[in-house]
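Novice: Numbering (our numbering), first residue to last: 40 to 350.
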Ligand code: PMV
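(1) Which two residues bound the contiguous alpha helix (DSSP H) that contains residue 160?
(2) How would you write the range of the beta strand (DSSP E) that residue 64 sits in, first residue to last?
(3) Return the CA-CA distance between residue 324 and residue 69, expressed in angstroms with no decimal places.
(4) What separation, rounded to the nearest whole angstrom, lies between the Cα atoms of residue 345 and residue 216?
(5) So residue 45 is in the beta strand (DSSP E); what residue range does that whole segment cover?
(6) Please list the segments of the beta strand (DSSP E) lying wholly inside the region 230-316, counting only runs of 3 or more residues, in order along the chain.
(7) Using C-beta distances below 8 Å, list every residue in its chain close to residue 236, excluding the 5 sequence neighbours before and after it, in chain order.
(8) Spatial neighbours of residue 292 within its chain, please: CB distance less than 7 Å, with the 5 preceding and 5 following residues excluded, ordered by chain position.
(9) Taking all protein chains shown into account, do 16 or more other C-beta atoms lie within 10 angstroms of the C-beta of residue 283, making it buried, or fewer, making it exposed?
(10) Should residue 310 be labelled buried (16 or more other beta-carbon atoms within 10 Å of its own) or exposed?
(11) Contact check, residue 194 vs residue 201 under 8 Å by CB: the rounded distance?
(12) Count the other CB atoms within 10 Å of the CB of residue 46; is the residue buried (16 or more) or exposed (fewer)?
(13) Count the other CB atoms, across all protein chains shown, that sit within 10 Å of the CB of residue 182; report buried if there are 16 or more and exposed otherwise.
(14) For residue 61 and residue 252, what's the separation of their Cα atoms in angstroms?
(15) Looking at residue 199: is its Cβ nearer than 9 Å to the Cβ of residue 88?
(16) For the pair the region 83-99 and the region 115-135, tell me if three or more CB-CB distances fall below 8 Å.
(17) State the Cα-Cα distance for the pair residue 159 and residue 72, rounded to the nearest angstrom.
(18) May I ask which residues mark the beginning and end of the alpha helix (DSSP H) holding residue 119?
(19) For residue 99 and residue 225, I'd like the C-alpha separation in whole angstroms.
(20) May I ask you to check if the CB of residue 285 is nearer than 8 Å to at least one heavy atom of the ligand PMV?
(21) Measuring straight from C-alpha to C-alpha, what distance separates residue 300 and residue 105?
(22) Measuring only the C-alpha atoms, how far is residue 147 from residue 114?
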């Protein structure tokens, strides 16, 4: 039996603008993971590869589904890349701590866990760049035209300053900080929100490009602040980024309410994270106020409220 796992992720700054060539900053969430385990087929009178993913409500034989299924594509493309020449008989069991379609990278984490577990099983190594590339192809099923930030940060499992089409720039966060995360309870598929922004951009490119440029400046300031440990700058930059995301039309009342609640309870900055129109809000907190912010968000009806230390 071989096993591998991959973390969830958070986009700290720059979502949406990153689809238009601007930078984004994403970090891994090592405490929430997807795990894939490759083992012999349990007493089966059938040959092939069985996928067993109860957390994702998915259970099937690989040869029974097409390549449009993300789990199936992850397995097919890894086996092809590894040039496995005999048809293997295997079970791949997948577990995930990550809520699905919530902006924490559950899809990419599952894909990277599958790729790494198959590499271990066949005792083969693939470079991170190749793993990220394979995961990107799978992300396209989920998102249509993903920027590639999710598969990159999840593969490298390090903070990343990411520009589409460029090699990822891994960097070190100088001083630890604490975030409180809360889910609004609603979700909208990423592809839908990305398309809505695309339609608006097509109609008023100048206006939207200006917003993307402002976000780009926020990302660059945040990148410098994180590297130098200037945490007092991060909260205000999160607030500014949230306002720009509002002007792109990707926030919603419930996310705005969570941002306001976190700030009123003492968070020094807050913003939506990921595609928006539901999903997660992230807020920067001092260790002393984290519990107050958690309680306030819980009282406000948020789901999956938790604090996490980013190092
Ligand atoms: O909701 P998520 O975590 O899949 O993030 C989407 C981020 C976008 O910038 C909106 C899209 C992308 O492909 O980068």
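The C-beta atom is built at its ideal place from N, Cα and C for all residues, glycine as well.
Specialist: From the atom records:
(1) 145-160
(2) 63-78
(3) 19 Å
(4) 14 Å
(5) 41-52
(6) 308-311
(7) 55, 58, 247, 287, 288, 289
(8) none
(9) buried
(10) buried
(11) Wrong, their Cβ atoms sit about 12 Å apart, outside the cutoff.
(12) buried
(13) buried
(14) 7 Å
(15) no
(16) yes
(17) 18 Å
(18) 109-120
(19) 29 Å
(20) no
(21) 45 Å
(22) 13 Å
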